[in-house]
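Peer 1: Once you've had a glance at the structure underneath, I'll fire off some questions.
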Amino acid sequence: MKKVATAIGVSMLSPLIIGCVLGAYFYISTGQGQLFFQLLTTAISNAHIVGMVMALCVLPVYLFLYKRGKLSYSALTTTALLGGTAFTYLLAVSTGPILIANAVMSAFASALFLYSLRRQ
Numbered sequence: 303m304k305k306v307a308t309a310i311g312v313s314m315l316s317p318l319i320i321g322c323v324l325g326a327y328f329y330i331s332t333g334q335g336q337l338f339f340q341l342l343t344t345a346i347s348n349a350h351i352v353g354m355v356m357a358l359c360v361l362p363v364y365l366f367l368y369k370r371g372k373l374s375y376s377a378l379t380t381t382a383l384l385g386g387t388a389f390t391y392l393l394a395v396s397t398g399p400i401l402i403a404n405a406v407m408s409a410f411a412s413a414l415f416l417y418s419l420r421r422q
């Protein structure tokens, strides 16, 4: 269980990584430095959605599939994508780029979760 807790902690790096990548992309494409920090802070401020997706969607599905011996990485990533979209729609916004960014952050968080479990 300690490995799972560590993997969830590693998955919380997802908003920071996605915020930096999106910020760097838009900084390079538009040349506006303030846009980098705006995207980074927006991604970090939406980290609560990633945490809720990990706690309410990914972890229960992981434990269920692990107990059954049918662990599928695509099932966990799909669960994170759908959970990220649903929680963003319910709690933050209903349309726009933030919806997509939060879904990508959730999927990337589940990928970091699985990567961390495999490395341990």
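In the numbering used here, the protein residues as written are 303 to 422. The beta-carbon is built from N, C-alpha and C at its ideal position, and this holds for glycine as well.
1) Going by DSSP, what residue range makes up the alpha helix (DSSP H) through Cys359?
2) So, do the stretch 395-413 and the stretch 350-370 have three or more beta carbon pairs nearer to each other than 8 Å?
3) Taking the beta carbon of Gly335 as the centre, do at least 16 other beta carbons fall within 10 Å, making it buried, or is it exposed?
4) Are Ala345 and Gly371 touching if we call contact CB-CB under 8 Å?
5) For Leu416, count neighbouring C-beta atoms within 10 Å of its own C-beta (all shown protein chains included) and say buried if the count is 16 or more, exposed if not.
6) Suppose only complete runs of 4+ residues qualify. What are the alpha helix (DSSP H) ranges in the stretch 369-406, listed by chain order?
7) What do you get for Met303, buried or exposed, if any count of 16 or more other CB atoms within 10 angstroms of its CB means buried?
8) Count the other C-beta atoms from every protein chain shown that fall within 10 angstroms of the C-beta of Val395, then say buried if there are 16 or more, exposed otherwise.
9) Between the Cα of Cys359 and the Cα atoms of Thr390, Leu384 and Leu315, which residue gives the shortest distance?
10) Please classify Leu378: is it buried, with 16 or more other beta-carbons within 10 angstroms of its beta-carbon, or exposed?
Peer 2: Taking the definition as stated:
1) No alpha helix (DSSP H) holds Cys359; DSSP gives it neither H nor E.
2) yes
3) exposed
4) no
5) buried
6) 375-393
7) exposed
8) exposed
9) Leu384
10) buried
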